[in-house]
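Per my numbering, the sequence shown starts with residue 5, numbered consecutively.
Each residue gets a CB set at the ideal place from its N, CA and C atoms; glycine is no exception.
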Amino acid sequence: MRETHFEDGKWWVSPYNFEPEVRNGLSLPPQVQIHDATLRDGEQTPGVVFSVEDKIKIATKLDEVGVERIEAGMPAVSPQDAEAIKEISKLGLKSRIFTFARAMKQDIDMALECGAHGVIIEVPIGYPKITTQFGWTWEDVFKKSRDVINYAREQGLYAVFFPYDTTRARPEDLSNLCKGIMNESPPDSIGIVDTMGCATPEAIKYMVRWVKGMTGLPIEIHTHNDFGMGVATELAAVEAGAEVVHSCANGLGERTGNAAMEELMLGLHLLLGYDTNYKFDKLPELASMLSEIANIPIARNKPVLGHGNFIRESGIGIQYVMNDPLVMFGTHPSLTGRSGEVVLGKKSGKASIIYKLGELGLGEATDEQVSEMLAQVKQAGIAKRDFLSEPEFRAIVKSVRQ
5 MRETHFEDGK WWVSPYNFEP EVRNGLSLPP QVQIHDATLR DGEQTPGVVF
55 SVEDKIKIAT KLDEVGVERI EAGMPAVSPQ DAEAIKEISK LGLKSRIFTF
105 ARAMKQDIDM ALECGAHGVI IEVPIGYPKI TTQFGWTWED VFKKSRDVIN
155 YAREQGLYAV FFPYDTTRAR PEDLSNLCKG IMNESPPDSI GIVDTMGCAT
205 PEAIKYMVRW VKGMTGLPIE IHTHNDFGMG VATELAAVEA GAEVVHSCAN
255 GLGERTGNAA MEELMLGLHL LLGYDTNYKF DKLPELASML SEIANIPIAR
305 NKPVLGHGNF IRESGIGIQY VMNDPLVMFG THPSLTGRSG EVVLGKKSGK
355 ASIIYKLGEL GLGEATDEQV SEMLAQVKQA GIAKRDFLSE PEFRAIVKSV
405 RQ
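In structure tokens form, the structure reads like this:
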């Protein structure tokens, strides 16, 4: 694990992330794995449907970027889902393949038939879920889980116990469930699931320590982004000792989406200092393909993936965008397969005009001409409410010179 805030020419983040007073208060595990659920939770995004061929393409790309575990789907949903998991399992990927399962033995059998390495065994534990939606008690959840966990492990599957809506469980219900499971059917790991994305980072840290203390098991964290903290809460869980983070590429998922895989990758490597093998430069390729398949565009300013993240309109510091980008950005654009870009609009300055003239091979201009070009660029940017296109700037240059 690194203890530095920069890598020469690649990134420069806050050194305070690595201050002893900060690091000494963390319980970082030696390694962290990403469990990506794009093919299951991502497809639960309203309106998104992945074909068998789509899922194979996505799984292959997830493997290329270095995801350690792929949740390939829930075979009980449909024959097509089961077929996709079987085909993905045959690909020989480095990523380990998991399926999603109800607390039913037939779901475990389907995971085995699909060639999975492991299974996520879901049961409700959030108080609104078990009381209103299911009419259960924690004892009902325990009884339904016990034999299925044991069966999965007996069959050689890695069993993740996944009591969802964990962050809305009554303490006594979660405590009793954990104790019962550990006494009679200990799984390989246990998930803390912020299904409604409603826990703060500090609350997640508390829960990780609490559940780890009760069970002694590896902790997996699965969050949603309803309050804009999906990635923050998962990184907080790692800081408290969680060994596996769950994600969806492009931040897909129900409602506001799951913790975004690409943001977690950079967070683990750059902000927490893990030496990962993730291929950051392949992220735009995966993102573009997934966006097209899901028919959900990527916001221009989305962290990591937004095409506008390395665009500079303001004239201040314009010379650094290309020559020394870490002055202007936390990461070099090339780290994630990008390049910096200077655009012209309301916020441009004379330096922007001079730079753009050179970039487009339009020659030099007098100071008077530069001032006039800038005035017209600002006026056009205000009228357009956006930055100018290359043809629009060329037209202004031609007009001023004439």
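**OP:** Would you give the residue range spanned by the alpha helix (DSSP H) that TYR210 belongs to?
**Re:** Residues 205-219.
**OP:** Give the range of the alpha helix (DSSP H) segment to which ALA298 is assigned.
**Re:** Counted as a single uninterrupted DSSP element, the alpha helix (DSSP H) harbouring ALA298 occupies residues 287-298.
Subject >> Counted within 10 angstroms of its Cβ, other Cβ atoms place THR227 as buried (16 or more) or exposed >> reply: When all chains shown are included, THR227 counts as buried.
**OP:** For ARG342, name the three-state secondary structure that DSSP assigns.
**Re:** If DSSP states are grouped into helix, strand and coil, ARG342 belongs with coil.
Subject >> Distance between PHE391 and PRO337 (C-alpha atoms, nearest Å) >> reply: Cα to Cα, the separation comes out at about 20 Å.
**OP:** Look at the Cβ atom of ILE322, then the Cβ atom of GLU345, and state whether they are nearer than 8 Å.
**Re:** In this structure, GLU345 does not lie closer than 8 Å to ILE322 by Cβ.
Original post:
For the candidate residues GLY341, TYR20 and ILE320, whose alpha-carbon lies nearest to that of VAL347?
Top reply: Among GLY341, TYR20 and ILE320, the Cα nearest to that of VAL347 belongs to ILE320.
Original post:
Just reading off the alpha helix (DSSP H) that ILE386 is part of, what are its end residues?
Top reply: ILE386: member of the alpha helix (DSSP H) spanning 371-388, first to last residue.
**OP:** Return the chain-ordered ranges of every alpha helix (DSSP H) run that is complete within the stretch 215-284 and spans a minimum of 4 residues.
**Re:** For the stretch 215-284, the full-length alpha helix (DSSP H) segments reaching 4 residues or more read 234-243 and 265-270 along the chain.
Original post:
Going straight from the alpha carbon of ILE124 to that of THR42, what length do you get?
Top reply: ILE124 and THR42 have their alpha carbons spaced roughly 14 Å apart.
Subject >> Contained alpha helix (DSSP H) runs [length at least 4] in the stretch 71-154, N- to C-terminal order >> reply: Counting only runs that start and end inside the stretch 71-154, the alpha helix (DSSP H) elements of at least 4 residues fall at 83-93 and 109-117.
Original post:
Relative to the alpha-carbon of PRO33, which residue among ALA253, LYS133 and LEU239 has its alpha-carbon at the smallest distance?
Top reply: Among ALA253, LYS133 and LEU239, the Cα nearest to that of PRO33 belongs to LEU239.
Original post:
How about the stretch 220-236 and the stretch 182-200: do they share at least three Cβ pairs that are nearer than 8 Å?
Top reply: As far as the Cβ criterion goes, the stretch 220-236 touches the stretch 182-200, which means the pair count is three or higher.
Original post:
Considering only the beta carbon of each residue, do ALA263 and GLY234 sit closer than 8 Å?
Top reply: Note that the C-beta distance between ALA263 and GLY234 is below 8 Å.
Subject >> Any 3 or more C-beta pairs closer than 8 Å across the stretch 57-75 and the stretch 88-103 >> reply: Contact holds between the stretch 57-75 and the stretch 88-103, because three or more Cβ pairs, one in each stretch, are under 8 Å apart.
Subject >> One or two residues paired with GLN37 in a DSSP bridge >> reply: Bridge partners of GLN37: VAL248.
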